[in-house]
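K.L.:
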Amino acid sequence: MVNAPLDPAQARPRASSLSCPSCGSAIALRTEGWSASVVCASCGSVLDATDPNLAVLQSQANRISVEPRLPLGSRGTWSGATWEAVGFQQVTITVDDTDYSWTEYVCFNPYRGFLYLSEYQGHWNVIEKLRRRPTENTSGARPVATFDGRTFKHFQTATAVSTFALGEFPWELRVGDSVIAKDYVDPPFILSAEASEGEVTWSLGTYTSSDLIRLAFRIDARFPSPSGVFANQPNPYSGLARSVGRTLLLFLAAFAVMLGLNVAFAGNTTAFEQAYVFDRADSTSNALVTPTFELTGRPSRVEVGLLADLRNDWVYFNLSLINEVTGEVRDFSAQMSYYAGRDSDGNWSEGGRREKVHLSSVPSGRYFLRIAPEGGEASGVAVNYTVTVKRDVPSYLFYLFAALALALPAVLALIPSASFEGRRWSESDYAPDTGSSDDDEEE
Amino acid sequence: MARLYVLWGVAVLLLLGTVQYRGWSFTSTSNSKTNPRSVRANPGAYRSPYYLPGRTLRGK
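First to last, the sequence lines map onto chains S and V.
Each residue of the first sequence is one higher than the one before, counting from 0 in numbering that gives the first Met the number 0.
Each residue of the second sequence is one higher than the one before, counting from 0 in numbering that gives the first Met the number 0.
1. Could you tell me which residues DSSP puts in a beta bridge with P372(S)?
2. If I measure Cβ to Cβ from N311(S) and keep anything under 6 Å in the same chain, skipping five residues before and after, which residues do I get?
3. Take V143(S) and list the residues in its own chain whose beta-carbon comes closer than 8 Å to its own, dropping the five residues that flank it on each side.
4. Does any CB atom of chain V fall closer than 7 Å to the CB of L342(S)?
5. Just how far apart, CA to CA, sit M335(S) and V392(S)?
6. With a threshold of 6 Å on Cβ separation, who are the neighbours of T85(S) within its own chain once the five nearest residues in sequence on each side are excluded?
7. Pick helix, strand or coil for S29(V), following the three-state DSSP scheme.
8. Can you tell me whether Q120(S) is buried or exposed, with buried defined as 16 or more other CB within 10 angstroms of its CB?
9. I need the boundaries of the beta strand (DSSP E) containing G16(V), first residue and last residue.
10. I'd like the list of long-range same chain contacts for S299(S), defined as Cβ closer than 6 Å, with 5 residues on each side in sequence excluded.
11. Given this structure, state the Cα-to-Cα distance separating S37(V) from R369(S), to the nearest angstrom.
12. Over what stretch of residues does the beta strand (DSSP E) that includes Y398(S) continue unbroken?
13. With contact counted as at least three CB pairs below 8 Å, one residue from each stretch, are the region 177-191 of chain S and the region 25-45 of chain S in contact?
14. How about I189(S) and N234(S): do their beta carbons lie closer than 7 Å?
15. Any Cβ of chain S within less than 7 Å of the Cβ of A40(V)?
16. May I ask you to list, following chain order, the residues of the region 344-368 of chain S that have a beta carbon less than 9 Å from some beta carbon of chain V?
17. State the DSSP-derived secondary structure class of N61(S), mapped to helix, strand or coil.
18. Please list the partners that T17(V) has in chain S, where partner means a Cβ-to-Cβ separation under 9 Å.
19. Measuring CA to CA, which of L211(S), L249(S) and V361(S) is closest to E118(S)?
20. According to DSSP, is S209(S) part of a helix, a strand, or is it coil?
21. Quick check: is the beta carbon of D185(S) nearer than 7 Å to any beta carbon in chain V?
22. Among the candidates L305(S), R173(S) and N322(S), whose CA atom is the shortest distance from the CA of G315(S)?
23. Could you give the uninterrupted runs of the alpha helix (DSSP H) lying entirely in the region 226-281 of chain S, keeping only those of 4 residues or more?
24. Specify the secondary structure class of S427(S) as computed by DSSP and reduced to three states.
25. Which bits of chain S does L12(V) rub up against, with CB to CB less than 9 Å?
26. Of the residues that make up the region 310-341 of chain S, which ones have a beta carbon closer than 7 Å to any beta carbon in chain V?
27. Which residues in the same chain have their Cβ closer than 6 Å to the Cβ of N285(S), if we skip the five residues on either side of it in sequence?
28. Just checking: is the beta-carbon of N261(S) within a distance shorter than 7 Å of some beta-carbon in chain V?
29. Counting only C-beta atoms, is A286(S) closer than 7 Å to chain V at any point?
30. Let me make sure I understand the geometry here. Which of G43(V), N41(V) and T28(V) has the alpha-carbon closest to that of V328(S)?
31. Quick one: Cα of P431(S) to Cα of A157(S), how far?
32. Mark A377(S) as exposed unless 16 or more other C-beta atoms lie within 10 angstroms of its C-beta, in which case mark it buried.
33. Should the region 234-252 of chain S be regarded as contacting the region 358-372 of chain S, the criterion being three or more beta carbon pairs within less than 8 Å?
34. In terms of alpha-carbon separation, which member of F229(S), T289(S) and R365(S) lies closest to S425(S)?
35. Note down, in chain order, all residues in the region 294-306 of chain S with a beta-carbon under 7 Å from any beta-carbon belonging to chain V.
36. Are the Cβ atoms of V65(S) and S21(S) separated by less than 7 Å?
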C-alpha cells in the first residue's frame, strides 16, 4: 500500500510527554527529533532534548520571568502552512549602559522546519534562516550586505545575550549565552548575522504588522501598538517623497523647456537708444522728451535701460512712457549712484552705473519718453547717460520665483520621510550624536 | 498630497507661461491720461501724479 503524500499545510506537529529530571514536572516535546534543547516551564532548567532521559544542561537557568504574547502550543497559519509556537526566549543587548530586550518565538512545522518571530516594542518580524550566505562589503564608511539583489545597510552590531528561555529550540541553548549580532537593513527586510564560536548564522526578517501575527495565531488580546521606529520598519512617507520627487523632476524639465523657448523666441529687440547729457548748470537738460519710437507686436514687457558715467555722484530719473496717440502715460522712476575710492583696505566702490526698469504689458503703438533727471552732488559735473528701450524682454526673476514655488512643496513633502529615517537611524550605530561605534563589534 | 502637488505645479507653470507671454512685471507704474502735445511743448512742466518735491535729495 502506498501512502498518499502528506500536505505540508495540513501537517500538524505532535507532542510526546516526558518529565523534567530536575523538578519532575511534565515536559511536552512537540518537536521530538528536531529540537536540541528544551527549557522546563516549571523550574527553568535547560534540558538536552536529544537525550531520551532529558539530561540537564543548565539547572534553573531563568533568573527572570517573561510572559510570551504567543502562548507556547498556539498554532497559526503562515505562508500556507500551520506553525506551532514551541519555543520562546528574550534576548538583551546593552548599549551605552542601557539594556534593550526583544523576544523571539520558535515556530515549527514538521514539513517546513522552523520559522522565527521576533517582537520589540510592538514591532514584529517574521524570520527565516538563510541557507546561502549574503555578501558583505565592509570597505566603505558604512558596511553593506547584498542578498538576492538587494543591498542592505549596516545598522547595528551588538552582543546579544539570551536572558530568558522557555520551550524547545533547535540548537543547544544556554541562558546567558551570547552572540555577536550584526544587523543590516533594507526595509521591510532585515539581514541578521549571529556569530558564536566561529559559526555565523544568517537570517532574513520581514517586518510584519502585529495584527497579521495576532490574526494568524488567532490571539484575541490586542498586542501593544508599535512604539518608535524599528530598524526595518517601512517608511510610510517614502512613497509620497518618491512620487513628489518624480513629479518635481518632470516639472523642472518643463521649466527648463519653457526657459529655453523664452530665451530663444523672446523678441528682446531694441526700439530706441539715444545718449543725453544732464548738466545741472543748464536747466534745459533737466527735462526732455525723446523722439517717437514704435513698439510692435502683442502687449509685452518693455525694458527701459539707463547707463550713466557717474563718478562719486548720483542722479534720480523721473521717467514717463507716453503713448503718442492715446495719451496714456506710465510714470516710473530710477535712481542711480556710484561711489568709488581708495582707503587703507584698497580700492572700494558701491552702487552702479546701470539701471533697468521693466514695464508690464505695454501694448503696441507709437511712444516717446519724458526724462527728467534731478539731484546729485552739488559739486557734480555733467552726467552723460544713454537711454535704451527694449521690447519683449524675458524676466528671469519670475523663473526664480517659479522654481521656488515648485521646489518648496517637494521639500516639505520630504520632511516627514526624512524625519522618519532620522528616527530610524538614531537607534543605530550611525546616530548623528554618537557616530559610528565600531567598538561594539569587539564587545 | 501628490495629486495636490501636481495641480500646484501645473498651475505654477501655467502662470509662469502667462506672465512671460503677457509680459507682466513687478515694477509699479502710475498710469494716467495726459496730453502728449503739452508734454512735448514743455517737458519740464509735467509732474507725475505721485511727484513729491524734495524726495530725491538723497545720495551717499
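We put the CB at the ideal spot given by N, CA and C, even for glycine.
P.N.:
Judging by the given coordinates:
1. F316(S)
2. Y338
3. E135, N136, T150, F151, K152, H153 and Y183
4. A small correction: the amino acid at residue 342(S) is Asp; Leu does not occupy that position in the sequence shown. Chain V contact via Cβ: absent.
5. 21 Å
6. According to the sequence shown, residue 85(S) is Val rather than Thr. Closer than 6 Å at Cβ, skipping near neighbours: R29, T30, V105, F107, G166 and E167.
7. strand
8. exposed
9. Unbroken run through G16(V) is the alpha helix (DSSP H), A1 to R21; no beta strand (DSSP E).
10. D391
11. 12 Å
12. Not the beta strand (DSSP E): Y398(S) falls in the alpha helix (DSSP H), residues Y395 to W424.
13. no
14. no
15. no
16. E349, G350, V356, H357, L358, S359, S360, V361 and F367
17. coil
18. Here the premise fails: no neighbours, minimum Cβ distance about 10 Å.
19. L211(S)
20. helix
21. no
22. For clarity, residue 315(S) is Tyr in the given sequence; the question names Gly instead. Considering only alpha carbons, the answer is L305(S).
23. 237-264
24. coil
25. F250, A253, F254, M257, A401 and L405
26. W313, Y315, N317, S319, I321, E323, G326, E327, V328, R329, D330, F331, S336 and Y338
27. none
28. yes
29. yes
30. T28(V)
31. 18 Å
32. exposed
33. no
34. F229(S)
35. P298, S299 and R300
36. no
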